[in-house]
Structures are given as C-alpha cells and as structure tokens.
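All residue numbers for the sequence shown refer to my numbering, where the first residue is 427 and numbers rise by one.
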Amino acid sequence: MPRFYKRPPGTKPLREYNTDDLEKAVNAVRCGKLPLRAVAEKYNIDKMKIFRKIKNIHQKQHGGQSTASEFHGGVCFEK
C-alpha cells in the first residue's frame, strides 16, 4: 500500500498552474510578443516557473535511487 505525504500543519501549499495558461505564457515569451515579467503578471504565473519551462531546466525526479538493473552511463548491470 503506497504512502501519501501529509504536509505539516502551518506550511505553505504548492501553487497549482493551469497547463493551458502555462503553455500560452511560454509561447508568448518564445515568440517575443511580451517580455517574461509581463507574461508572468498577465497569466499570474511565477516568472521562474516560466523561465525553467523555456530553458528546459528540470529538477531531479522525486523518489529513491533507481535500481542497479537499469542502464546507467554506458554500463549495463543486468545479467
């Protein structure tokens, strides 16, 4: 049975963004219609969220380490 993370009381919840608005914001910045800060204010999305999406900067995946049977760095550990 999977565990569900419970946020400690009194902490700030993460902000949820509409995916359509996020894509519109990214496209507006990429096309050069508006600067990043103006797009962030227009769509009410954090400017760093849009910046990371444009630059394709992704954070590490959540969870534990991957198993040794997977392909890692040109070396296959599978027998």
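For every residue, glycine included, the Cβ atom is placed at its ideal position computed from N, Cα and C.
Stretch-stretch touch, CB-based, cutoff 8 Å, three pairs: the region 452-463 with the region 428-442: By the Cβ rule, the region 452-463 does not count as touching the region 428-442, because fewer than three pairs are nearer than 8 Å.
Short Cβ contact (7 Å threshold) for Val455 with Ile480: If you check the CB distance, Val455 and Ile480 come in under 7 Å.
Distance between Ala466 and Asn482 (C-alpha atoms, nearest Å): Taking the CA atoms as reference points, Asn482 sits about 17 Å from Ala466.
Spatial neighbours of Ala451 in its chain, beta-carbon cut-off 6 Å, leaving aside the 5 residues before and after: Sequence-distant Cβ neighbours of Ala451 in its own chain, meaning closer than 6 Å and more than five residues away, are Val465, Tyr469, Ile471 and Ile476.
From Glu449, Gly489 and Tyr431, residue whose alpha carbon lies closest to that of Arg478: Closest in C-alpha terms to Arg478, from the list Glu449, Gly489 and Tyr431, comes Glu449.
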